[in-house]
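By the count of this note's numbering, the sequence shown reaches residue 235 at its end, each step adding exactly one. Input: a single structure, listed below in structure tokens.
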Amino acid sequence: MEVRLRYYEILEEDLVMELEWVKEEFEILFDSKIEKLSEMDKKIATDLLIYILENTDVHDNFILLDILEEATDIIEKSYPTLFN
152 MEVRLRYYEI LEEDLVMELE WVKEEFEILF DSKIEKLSEM DKKIATDLLI
202 YILENTDVHD NFILLDILEE ATDIIEKSYP TLFN
């Protein structure tokens, strides 16, 4: 039981670190040009989020799914002009 519990803790820690990286990438890519975003910027942002959502395995774990959903919501709210 202890091993299984630790496994999910490790998955959660890994997901949180990966999502922090994604948030940082959005800051690097889009913060400096938030006033003048191109269609290419919007496509890149959308493609990044779609890639993360499709390729992040949450192992049917609702806690991990909630973390993923919360992170993508934060990104979408932080950059509303990218996702209109």
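Glycine residues also receive a C-beta, built at the ideal position from the N, C-alpha and C atoms. Predicted model, so just to flag it, every value in this text is computed and none were measured.
Next item on the list: Below 8 Å CB to CB, which residues in the same chain sit around Ala-222 once its five sequence neighbours on both sides are set aside?
Entry: Leu-170, Val-173, Lys-174
Checklist line | Inter-residue CB distance, Phe-181 and Ala-196 (contact presumed, cutoff 8 Å) | finding: 7 Å
Notebook entry, point to check: Do you know offhand how far Asp-198's Cα is from Glu-164's?
Noted result: 24 Å
Check: Asn-206 lies in the alpha helix (DSSP H); which residues open and close that run?
Finding: 190-206
Checklist line | Span of the alpha helix (DSSP H) around Ile-226 | finding: 213-229 is the span of the alpha helix (DSSP H), which, as asked, contains Ile-226.
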